[in-house]
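Trainee: Numbering (this note's numbering), first residue to last: 169 to 392.
Take a look at this one; I'll ask things after.
This is the structure in structure tokens:
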């Protein structure tokens, strides 16, 4: 789950009582959990990045591109936290997992815009959630590896609604007014806001969405 205060409360109670935490919320490990197994947030960002690269290269039409479900899982452990609780993690798990520390999930400050490039991407996020920041970081890294570097030939305008849906809608409309080349969203509400803002355009701005559990139920996609 993505409730920061809620997960921190669970971690605190569990740690105070020496209870190991095994979760599917990867950032919880950085807060003191022992083990996390969940959909790879980095893979989510990588796939979205590759899709964006293909679009900017003129290789695909996003309006006819199939939804890609990410079926890769990450295993994370907090060896220091587990050791402090007297928990011995299996060697096989340690070899397979990524050792996680709180510093790895410290989010950068939200930026409006950095640099001016040949292409402009509007990046929307519902709130400052470590899990979503991982997706965005992986997306930007994938873009850079393909030659689209922020501040050089790529401009990224970031919009963070800090949990407010009305603000999310405003951000989406601002991206439309700016005439960005592409909108990238993380979370279901962000995707819905972006699509609502672009659907009535003569030439809608393409939207790439990530971290959406069920795009069909959310009205983001019309059919599997």
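All C-beta atoms, glycine included, are put in the ideal place defined by N, C-alpha and C.
Note that the coordinates shown come from a computational prediction; the quantities given were computed from them, not determined experimentally.
1. Based on the DSSP output, what are the partners of residue 351 in its beta bridges?
2. Tell me whether the beta-carbon of residue 344 lies closer than 8 Å to the beta-carbon of residue 325.
3. Considering only C-alpha positions, which residue in the set 349, 333 and 211 is nearest to residue 364?
4. Please determine if the stretch 312–322 and the stretch 258–268 are in contact, where contact requires at least 3 C-beta pairs separated by less than 8 Å.
5. Contact check, residue 378 vs residue 303 under 8 Å by CB: the rounded distance?
6. Contact check, residue 389 vs residue 235 under 8 Å by CB: the rounded distance?
7. Give the single residue among 301, 264 and 323 whose Cα lies nearest to the Cα of residue 286.
8. Within its chain, find whatever has a CB closer than 7 Å to the CB of residue 362; leave out the 5 residues flanking it on each side and keep chain order.
9. Considering only DSSP beta bridges, list what residue 328 is partnered with.
10. If you drop the 5 nearest sequence neighbours on each side, which residues of the same chain put their C-beta closer than 7 Å to that of residue 215?
11. Round the Cβ separation of residue 242 and residue 202 to the nearest angstrom and send it over; I've been treating them as touching at under 8 Å.
12. Are the CB atoms of residue 369 and residue 220 nearer to each other than 8 Å?
13. One question on the structure: do residue 356 and residue 329 come within less than 8 Å of each other, judged by their Cβ atoms?
14. Secondary structure at residue 319, three-state DSSP: helix, strand or coil?
15. Residue 178 to residue 307, Cα distance in whole Å?
16. What residue range is occupied by the uninterrupted beta strand (DSSP E) comprising residue 206?
17. Rank 181, 342, 222 and 231 by C-alpha distance to the C-alpha of residue 200 and give the top, closest one.
18. From the DSSP output, read off the bridge partner residues of residue 242.
Mentor: In brief:
1. 290 and 375
2. no
3. 333
4. no
5. 5 Å
6. 6 Å
7. 323
8. 292, 340, 351, 353 and 375
9. 293
10. 236 and 238
11. At roughly 15 Å, the Cβ-Cβ gap does not stay under 8 Å, so residue 242 and residue 202 are not in contact.
12. no
13. no
14. coil
15. 30 Å
16. 203–207
17. 181
18. 206
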